[in-house]
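From first to last, the protein sequence lines are chains C and S. The opening residue of the first sequence carries number 14 in the working numbering; numbering runs sequentially from there. The opening residue of the second sequence carries number 14 in the working numbering; numbering runs sequentially from there. Ideal Cβ positions, reconstructed from N, Cα and C, are used throughout, including at glycine. In what follows, a structure is listed as structure tokens, so that the remarks can point back to it.
Protein chains: 2
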Amino acid sequence: MPVTIKDIARKAGVSHPTVSRALQDSSLISEETKKLIRETALKLGYLPSAAARSLRTHRSQALGVIFSNINDPYFSEILQGIEEVAQSHHYSLFMAASQRDPQREQTIIHAMRQHHVDGVIICSTSFSDEKSQQFSQYGIPIVVVNNQAAEDYRYSIYHDDVDGSRQLTKHLIELGHRRIAYFGNSDSGRTTQDRLAGFRFEMESCGLTVPDHYIYELPGSDPEKGILVTNHFLGLSDRPTALVCFNDMLAIGMLKGLQQHGLRVPEEFSITGFDNIIFSDYTNPPLTTFDQPKRFIGQKAAELILNLLNASTKITVPEQKIQVLKGRLLIRKSTAPPPAEF
Amino acid sequence: MPVTIKDIARKAGVSHPTVSRALQDSSLISEETKKLIRETALKLGYLPSAAARSLRTHRSQALGVIFSNINDPYFSEILQGIEEVAQSHHYSLFMAASQRDPQREQTIIHAMRQHHVDGVIICSTSFSDEKSQQFSQYGIPIVVVNNQAAEDYRYSIYHDDVDGSRQLTKHLIELGHRRIAYFGNSDSGRTTQDRLAGFRFEMESCGLTVPDHYIYELPGSDPEKGILVTNHFLGLSDRPTALVCFNDMLAIGMLKGLQQHGLRVPEEFSITGFDNIIFSDYTNPPLTTFDQPKRFIGQKAAELILNLLNASTKITVPEQKIQVLKGRLLIRKSTAPPPAEF
DNA sequence: GATAATCATGCACACGTGTGCAAAGGAGCA
DNA sequence: TGCTCCTTTGCACACGTGTGCATGATTATC
């Protein structure tokens, strides 16, 4: 049987409301009673009941975090950032993975509403606007990370993927490449769109055309997909000399596929990734990629939502609705000038 | 203002206890009132308050999951398994990372006790026995995964690392290697011990000696450590021809280190990993490793703890306290017979 | 010295749900 | 008709915490 404030009250010879106030460091209670109560609380090993507190105050000291897939090094690094900030602010984390399944998404929403989370961070690109409205409708603030429709949300954080994609493309162009293709992912919402848009934009502004068959997109991000798609690009009569990949996972797979076909990277073929997941530095050759501040993004998302929680009581509205974070180009060894004959 | 059972009661013209019972499908309530109540509950969009329910029943429908580090592909795959099972049983997940910091561990324990989790899964090797007793002391069942002292716990799950390490070592011996070294991790508790033990055991049972400088252990598992340690092994006068690495992360780093020194793997040097994380198949050459059923381990851990929760009411004691799961040897391209001159 | 002002504390109730017990209503039976 | 038994429902209270309000004690003011 756990210790309650009533137990403390009995032991200290006061009433339980006095204990409640004392532990909140209320100015109504005299310093000496506070001290007495704190000591007996410590002695008895008191721990407040989150359930009772949450029932009364409508605050749970818990945040919900929704991912499409936890088992993804990109997301787990974001999660790490979130967790750090949450823990240092004494917030607990409810975590769930939607697996892009609408059924599960609904289940998750219900679970989080039932558990009365104070706020929600959505890191799932597939989460629709109307789904997330189920939170805001009940006064639960949400922050979305890299969502497909960041602008539709009141608060969101995303990485400037257009910029990243442009920088990668520009790097290849500067190396002398002219026939550059794009290997994309089709189901990551805004990320899908922005990375392709950045590629196209940079190509066009350099006067380079992109034939339709230079764009290849498919759902999912297993490296295995990369291997499968190798054939497509290598089979083209106007074979590209360089490839911009949607992310590191796909690039890693593509790299393996190219090497299985006997191509030397980067001498015969250049390839870029995106995200700078830890393994992109351990491929052979190491991947040229775009470093996205993943942990920082997680931290910012957590800080933003915690500010919102305080704001709702203090009626302070944060000045900024949308935060755009910038990354940096990371030139490693998977890119080089195209072969001489081109 | 969320809908409560009282709102339903008012709308349906009954008392709130009747609603409570009806929604629990109690046999005390007539079928037609049940139907009426269910319909109005649906119409009003009722969602039970976990706080109130938990306060009354002392069950929260939530599990705690403690990791040392979330940003680790090995653990996140286990987490995925846990999440799947939990979600399908309508349990939510409280998640926290200890970062091997005793202070944070204590904070996590408090947070989880406050939130009244029904059970805890500990995937952190650094979690001490006495720490976890804080849970069992208050009747919260715990399941530990791959813990250093699995036998001390009432319920635990672990992978047979001794067996895995033996099989890897045996594979190298069968290829003809005699000078085999071990590159380990020093802060993963039982895993640390078992993998080294398996290596030693197999070497000895084949009559091969292991000089002290053939064993190198350090804390942490960043691939970067692998690079740093390359010098140690390559600098030895009796240089080994093969290396058994604690896990894939370190092996991936070591592989890069070897290649930076101009060594060809596997022609001049063989190397093995452990765990079969997804990237071990995408190094060049792909890593020979030991496939551990990570997701399955997570699923089993979640199932075990859910059984314990039911058992505590039904007074059924599970027959098995400790589950040992087996993996399988995965021979890829990072291992080959030693060079001819040896 | 009487009154007002200030401080510290306790009483009572609320949050939303679940459950023991009593009670009301109907059916069955002698 | 009177009794018992069963079904269905409501009443009252509990879970642990927080807060408005009243109360009692102490000090300040004229």
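Cβ pair residue i, residue j closer than 8 Å
i, j, result
"F282 of chain S", "R208 of chain S", "no"
"L263 of chain S", "P236 of chain S", "yes"
"T70 of chain S", "A25 of chain S", "no"
"Y171 of chain C", "K307 of chain C", "no"
"S199 of chain C", "L231 of chain C", "yes"
"I83 of chain C", "L92 of chain S", "yes"
"S67 of chain C", "H123 of chain C", "no"
"T285 of chain C", "T302 of chain C", "yes"
"L41 of chain C", "R51 of chain C", "no"
"L343 of chain S", "N289 of chain S", "yes"
"A194 of chain C", "F246 of chain C", "yes"
"T182 of chain C", "F212 of chain C", "yes"
"F107 of chain S", "F107 of chain C", "yes"
"A64 of chain S", "A109 of chain C", "no"
"S105 of chain C", "Q74 of chain C", "yes"
"I265 of chain C", "G239 of chain C", "yes"
"D38 of chain S", "K47 of chain S", "yes"
"P351 of chain C", "H226 of chain C", "no"
"T403 of chain S", "N159 of chain S", "This structure cannot speak to residue 403 of chain S, because chain S is shown only from 14 to 355."
"I95 of chain S", "G311 of chain S", "yes"
"S4 of chain C", "S81 of chain C", "No answer is possible for residue 4 of chain C: it lies beyond the span of chain C, which begins at 14 and ends at 355."
"Q127 of chain S", "S62 of chain C", "yes"
Closest residue to residue i among the options (Cα-Cα distance)
i, options, result
"T348 of chain S", "S:E280, S:P224 and S:A314", "S:E280"
"S149 of chain S", "S:L321, S:P351 and S:L338", "S:L321"
"D294 of chain C", "S:G270, S:E230, S:M216 and S:G311", "S:G270"
"M125 of chain C", "S:G311, S:V157, S:I79 and S:L60", "S:L60"
"G177 of chain C", "C:E45, C:K346, C:S39 and C:R341", "C:R341"
"L188 of chain S", "S:N289, S:T254, S:S141 and S:K144", "S:T254"
"K56 of chain S", "S:Q112, S:N244, S:T17 and S:V158", "S:T17"
"I79 of chain S", "S:V133, S:V242 and S:S62", "S:V133"
"K313 of chain C", "C:D85, C:A99 and C:S39", "C:A99"
"V157 of chain C", "C:V337, C:G248 and C:P350", "C:V337"
"F196 of chain S", "S:L256, S:D142 and S:Q119", "S:L256"
"V136 of chain C", "C:R113, C:A65 and C:L249", "Position check: residue 136 of chain C holds Cys in this sequence, whereas Val was assumed. Nearest option by C-alpha distance: C:R113."
"Q272 of chain S", "S:P298, S:I95 and S:F292", "S:P298"
"S169 of chain S", "S:K346, S:P351 and S:K334", "S:K334"
"D174 of chain C", "C:D304, C:V27, C:G77 and C:E90", "C:D304"
"D85 of chain S", "S:A315, S:H274, S:I291 and S:H103", "S:I291"
Residues that residue i contacts on chain C, provided the C-beta gap is smaller than 8 Å
i, result
"E96 of chain S", "I83, M108, A109 and A110"
"I265 of chain S", "F292 and Y295"
"Q272 of chain S", "N297"
Contacts that residue i makes with chain S (C-beta to C-beta distance below 8 Å)
i, result
"E281 of chain C", "The contacting residues do not exist; E281 of chain C stays about 15 Å from chain S at best."
"L68 of chain C", "S62, A64, A65 and L68"
Listed by chain order, chain S residues near residue i by CB distance under 7 Å
i, result
"K269 of chain C", "Y295"
"Q305 of chain C", "The contacting residues do not exist; Q305 of chain C stays about 14 Å from chain S at best."
"A349 of chain C", "Going along chain S, no residue has its Cβ under 7 Å from A349 of chain C, so there is no contact; the nearest lies around 17 Å."
Proximal residues of chain S, C-beta to C-beta of residue i below 9 Å
i, result
"P236 of chain C", "I291, F292, D294 and Y295"
"R117 of chain C", "Q100"
"T120 of chain C", "Q100 and H103"
"A25 of chain C", "Neighbours of A25 of chain C on chain S: none; closest Cβ ~21 Å, over 9 Å."
"Q93 of chain C", "N82, I83, N84 and A110"
Contact list for residue i against chain C, beta-carbon separation under 7 Å
i, result
"E90 of chain S", "N84"
"P15 of chain S", "Y151"
"A314 of chain S", "Within 7 Å Cβ-Cβ: nothing; A314 of chain S doesn't reach chain C, min ~15 Å."
Check: residue i C-beta below 7 Å from any heavy atom of the ligand ADP
i, result
"V223 of chain C", "Within the structure as shown, the ligand ADP is missing, as the structure has no ligands at all."
Query raised in the report: Looking at chain C, which residues of the region 123–150 of chain S have a Cβ within less than 7 Å of any of its Cβ atoms?
Result: H123, A124, R126, Q127, H128 and H129
Report task. Write down every uninterrupted run of the alpha helix (DSSP H) in the region 93–142 of chain S whose length is 4 residues or greater and which is fully enclosed by it, in chain order. Result -> 115–127
Query - Near-chain S residues of the region 45–65 of chain C (beta-carbon distance less than 8 Å), N- to C-terminal order - result: L60, P61, S62, A63, A64 and A65
**Report entry** Secondary structure, alpha helix (DSSP H): runs of 4+ residues fully inside the region 210–250 of chain C
**Finding:** 236–247
Query - Contained alpha helix (DSSP H) runs [length at least 4] in the region 25–55 of chain C, N- to C-terminal order - result: 29–36
**Report entry** Contact set between the region 191–225 of chain S and chain C, restricted to residues whose Cβ is under 7 Å from the partner
**Finding:** none
Query - Ranges of the beta strand (DSSP E) found wholly within the region 289–350 of chain S, counting only runs of at least 3 - result: 302–304, 335–338 and 341–343
Query raised in the report: In chain order, which continuous runs of the alpha helix (DSSP H) of length 4 or greater are located wholly inside the region 159–213 of chain C?
Result: 174–187
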